[in-house]
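2 protein chains.
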Amino acid sequence: MNNSYLIILGFNSSLPNYNYHPTSQLLFIKNNYFLIDCGEGTQSQILKSKIKLNKIDYILISHLHGDHYFGLISILSTYQLLRRQKQLTIYAPRGLKQILNINFKWSRTKISYPIKFIYLTSLKQKKIFENKDLKIYTIPLKHTIYTNGFIFKEKKKLKNLNIKNIKMIKEIKIKDYLKIKQGYNFKKKNGHIIPNNFLTYKSPKPLSYAYCSDTKYYPNIIKYIKNIDLLYHESTYLHKFYYYAYLRGHSTSISAAKIAMLSNTKKLILGHFSNRYININIFKYEAITIFKNTIIPKILKKYYI
Amino acid sequence: MNNSYLIILGFNSSLPNYNYHPTSQLLFIKNNYFLIDCGEGTQSQILKSKIKLNKIDYILISHLHGDHYFGLISILSTYQLLRRQKQLTIYAPRGLKQILNINFKWSRTKISYPIKFIYLTSLKQKKIFENKDLKIYTIPLKHTIYTNGFIFKEKKKLKNLNIKNIKMIKEIKIKDYLKIKQGYNFKKKNGHIIPNNFLTYKSPKPLSYAYCSDTKYYPNIIKYIKNIDLLYHESTYLHKFYYYAYLRGHSTSISAAKIAMLSNTKKLILGHFSNRYININIFKYEAITIFKNTIIPKILKKYYI
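Going down the list, the sequences are from chains V and W.
Using the numbering used here, the first residue of the first sequence is number 1, and each one after it goes up by one.
Using the numbering used here, the first residue of the second sequence is number 306, and each one after it goes up by one.
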């Protein structure tokens with residue numbers, strides 16, 4: 001069963017907006033919660049999501065513009081007040097640690113849980129996380145300061161055994177199971193081949209999610225996000241302001257839709273809307289002319305990948 | 306007419322609470338808006354108050370615990386995005402400027418409006434602001450780090466002339482008006498004294514407001530806040546936890562009420578409630594046993610001083 005999901009905690013751009021919160025997302029995938037960017041107020045958005053703050057062990061910060069990290073310091077302070085013990089891993093551009101440390105210094109806060117900082121510095125794609133189920137890579141973006149997107153890729157899973165059918169082939173022993181799970185056929189002593197399909201159930205397709213904010217229209221990223229299941233791509237402006245957006249290191253609805261189409265993504269979520277737009281549904285009307293499966297997210301709703 | 310008022314933007318203490326916001330207040334007095342402390346999310350609370358962010362020219366920070374200043378950096382960034390030109394004056398402990406500058410450095414933000422930092426360093430009371438209508442003094446508090454409260458005192462106003470009565474005394478010339486406004490009687494050439502009360506209307510009483518957060522029970526402050534109109538005093542815990550509160554540099558409902566009673570204040574507003582309390586009205590039930598005119602504030606309501 002697929003139970004990986006994305007919760008958009010905020011999708012506002014830098015100027016504040018009455019109803020919306022700045023950028024932050026919570027991704028649940030392969031039994032881990034990943035907090036992606038962390039604008040002001042993220043902590044109270046997480047409270048509203050009913051997901052326990054302390055379940056988060058990984059925080060990824062795309063870049064050091066305030067609407068993507070001003071909410072981080074209060075989450076780290078809360079962990080301290082709640083006497084967190086578990087390690088927290090933070091992926092962020094160099095500079096974040098300096099910013100956090102100077103805050104802690106003046107408030108005389110001693111952080112007593114381990115924080116592991118992974119500095120992002122490369123302009124090329126890097127693998128930044130791997131465990132038995134999941135890999136995470138950066139996506140180098142083009143913004144006004146050093147910025148990374150992130151792509152989360154589930155690893156190919158072993159197939160599930162069809163025990164009922166396996167029992168019919170007496171020669172198969174427990175020591176053969178791993179090979180069968182890996183997809184190999186079984187060869188009987190008499191030379192007969194038992195096809196793997198007969199012995200296993202199909203394993204679920206590994207899922208993938210890519211987060212791309214903030215960036216100008218940058219087709220270079222397409223090669224990193226081919227055939228993914230879900231793409232979040234920023235769309236600060238409507239396409240009328242394409243040139244304005246480009247100069248400011250941002251994308252439009254049409255740019256985001258183009259990236260989704262050219263990368264053959266399944267579903268596109270837009271966000272990072274400028275506060276000049278009252279009706280954000282217009283972003284969808286523009287984008288679907290290029291890429292049909294486009295979503296304007298609802299805050300705190302779970303989007304299954 | 307008295308149109309000085311206080312808006313409580315948030316009164317939560319450091320651990321986050323679903324419904325409440327951390328400490329911040331907006332004081333309108335003598336035609337100026339003063340923002341007092343600035344926890345995370347203050348900017349969106351100001352948006353909700355319908356008071357234009359750009360009307361604020363003075364920000365006072367009591368101390369450098371995050372729940373009192375984490376919201377400041379995003380307000381300063383918003384001013385930059387909105388192309389503020391006016392000077393902003395910030396009163397704060399040393400250290401705040403370092404914290405702000407390191408944020409601005411990494412986001413490559415150049416602040417183009419003038420920010421005047423007034424560093425608060427003294428352990429004694431200091432006058433930090435004076436214009437023709439108003440004076441502001443610090444109130445040295447006792448917390449776990451260097452902390453100031455603030456007291457705002459209107460200056461005594463000139464009396465208003467009773468023009469109808471003045472016209473009856475032909476000898477009074479325009480050059481005499483200032484003396485009369487200042488409260489002097491008028492002496493006619495024949496030696497008769499015209500009492501000032503006949504020539505003027507009573508001037509409104511100068512108002513005063515004191516902000517005391519965060520602090521343990523500290524009767525030393527009473528001498529600074531004698532006979533004021535409105536006192537905000539922190540009340541993190543109920544009185545059962547007096548000793549616990551004291552050790553943590555905080556006050557209880559009863560401590561706050563005692564300070565209000567002993568200083569002969571007119572009205573007390575409590576705040577900075579610990580998130581362990583669901584029903585914050587209990588703070589009032591305790592406090593009114595000592596000081597009757599006690600208020601549990603409603604967020605965003607205007608409290609006229």
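Beta carbons are placed, not taken as given, at the ideal position from N, Cα and C, and that holds for glycine.
Query raised in the report: Across which residues does DSSP place L536/W in a beta bridge pair?
Result: L536/W pairs with A515/W and L573/W.
Report task. Find the nearest neighbour of N337/W within the set S382/W, E459/W and T599/W, judged by alpha-carbon distance. Result -> Among S382/W, E459/W and T599/W, the Cα nearest to that of N337/W belongs to E459/W.
Query raised in the report: What is the rounded straight-line gap between the Cα of K284/V and the Cα of I420/W?
Result: Near 41 Å, if we compare the C-alpha coordinates of I420/W and K284/V.
Query raised in the report: What does T78/V touch in chain W if you count any residue whose Cβ is under 7 Å from its own?
Result: What T78/V touches in chain W: L320 and P321.
Query raised in the report: Who are the near neighbours of S556/W in its chain, counting only those whose CB is closer than 7 Å to its CB and skipping five residues on each side?
Result: Contacts found: T520, K521, Y522, H538, E539, S540, T541 and A550.
Query - CB-CB length for L199/V against I228/V, believed under 8 Å - result: At roughly 30 Å, the Cβ-Cβ gap does not stay under 8 Å, so L199/V and I228/V are not in contact.
**Report entry** K202/V versus K415/W - alpha carbon distance
**Finding:** Between K202/V and K415/W, the alpha-carbon positions lie close to 56 Å from each other.
Query raised in the report: Do I601/W and N584/W have their C-beta atoms closer together than 7 Å?
Result: Contact flag unset, no.
Query raised in the report: At least one CB of chain V closer than 7 Å to the CB of H448/W: is that the case?
Result: Judged by the 7 Å Cβ criterion, H448/W is not in contact with chain V.
Query raised in the report: What three-state label does DSSP hand Y244/V in the structure shown?
Result: Three-state DSSP puts Y244/V in a helix.
Query raised in the report: Taking the alpha-carbon positions, what's the T394/W to I498/W distance?
Result: Their backbone Cα atoms lie some 48 Å apart in a straight line.
Requested in this report: Note down, in chain order, each residue of its chain lying with its Cβ closer than 6 Å to the Cβ of N160/V, except the 5 sequence neighbours on either side.
Outcome: If you ignore the 5 residues before and after N160/V, its C-beta comes within less than 6 Å of the C-beta of Y201, all in its own chain and listed in chain order.
Query raised in the report: Which residues, taken in chain order from the stretch 92-126 of chain V, show a beta carbon closer than 7 Å to some beta carbon of chain W?
Result: If the cut-off is 7 Å between Cβ atoms, the stretch 92-126 of chain V has G95, Q98, I99, I102, N103, W106, S107 and R108 near chain W.
Query raised in the report: Taking only beta-carbon atoms, is G41/V less than 7 Å away from chain W?
Result: Interface residue, yes.
Query - Among T443/W, K494/W, Q385/W and N502/W, nearest to N470/W - alpha-carbon criterion - result: By alpha-carbon distance to N470/W, the top candidate from T443/W, K494/W, Q385/W and N502/W is N502/W.
Query - Same chain, Cβ closer than 6 Å to I364/W, five either side skipped, listed in chain order - result: If we look at I364/W and ignore the five residues flanking it on each side, its Cβ neighbours are L340 and I395.
Report task. Report all residues from its chain with a CB closer than 6 Å to the CB of Y209/V; omit the five preceding and five following residues, and keep chain order. Result -> Excluding positions up to five away in sequence, the list reads F152, L230 and I305.
Query raised in the report: How many Å lie between L405/W and L26/V at the Cα?
Result: A straight-line Cα-Cα distance of about 27 Å links L405/W and L26/V.
Query raised in the report: Any idea which residues DSSP pairs G255/W with across the strands?
Result: What the structure shows of chain W is the stretch from 306 to 610, and residue 255/W is not part of that stretch, so it cannot be assessed.
Requested in this report: Check the Cβ-Cβ distances between L64/V and every residue of chain W, and say whether any is below 7 Å.
Outcome: L64/V has a beta carbon lying within less than 7 Å of a beta carbon in chain W.
Query - Interface partners of G249/V on chain W, CB under 7 Å - result: Listed along chain W is no residue with a C-beta nearer than 7 Å to that of G249/V; the closest approach is about 11 Å.
Query raised in the report: What are the boundary residues of the alpha helix (DSSP H) that Y384/W is part of?
Result: Start and end: L377 to L386.
Query raised in the report: Are the C-beta atoms of F375/W and some chain V residue less than 7 Å apart?
Result: F375/W counts as touching chain V.
Requested in this report: Tell me where the beta strand (DSSP E) around E154/V begins and ends.
Outcome: Its beta strand (DSSP E) spans residues N148 to E154.
Query raised in the report: Which residues in the same chain have their Cβ closer than 6 Å to the Cβ of I526/W, if we skip the five residues on either side of it in sequence?
Result: Contacts found: I444.
Query raised in the report: What number of angstroms, rounded off, separates the C-alpha of S318/W from the C-alpha of L483/W?
Result: When rounded, the distance between both Cα atoms is 49 Å.
Report task. Take K97/V and list the residues in its own chain whose beta-carbon comes closer than 7 Å to its own, dropping the five residues that flank it on each side. Result -> Taken in chain order, the residues that qualify are F117.
Report task. Kindly indicate if chain W contains any beta-carbon less than 7 Å away from that of S44/V. Result -> Yes, S44/V lies at the interface with chain W (some Cβ there is under 7 Å from its Cβ).
**Report entry** Which of helix, strand or coil DSSP assigns to F129/V
**Finding:** If DSSP states are grouped into helix, strand and coil, F129/V belongs with the strands.
Report task. Could you tell me which chain V residues have their CB closer than 7 Å to the CB of S379/W, listed as they occur along the chain? Result -> By Cβ distance, chain V contributes E40, G66 and F70.
Query raised in the report: Can you round the beta-carbon distance between S74/V and F375/W to whole angstroms, since I take them to be within the 8 Å contact cut?
Result: Between S74/V and F375/W a beta carbon distance of about 5 Å is seen, short of the 8 Å cut, so the two are scored as contacting.
Query raised in the report: How would you label Q487/W, buried or exposed, when you count the other beta carbons within 10 angstroms and need 16 or more for buried?
Result: So Q487/W ends up on the exposed side.
Requested in this report: Specify the secondary structure class of T414/W as computed by DSSP and reduced to three states.
Outcome: Reduced to three states, the DSSP call for T414/W is coil.
Query - Alpha-carbon spacing of L428/W relative to A287/V, whole angstroms - result: Taking the straight line from one Cα to the other gives about 60 Å.
Query raised in the report: Are the Cβ atoms of L543/W and S558/W separated by less than 7 Å?
Result: Cβ atoms of L543/W and S558/W: closer than 7 Å.
Report task. Assuming S62/V contacts S213/V (C-beta within less than 8 Å), just tell me the rounded distance between them. Result -> That pair is a contact at about 6 Å.
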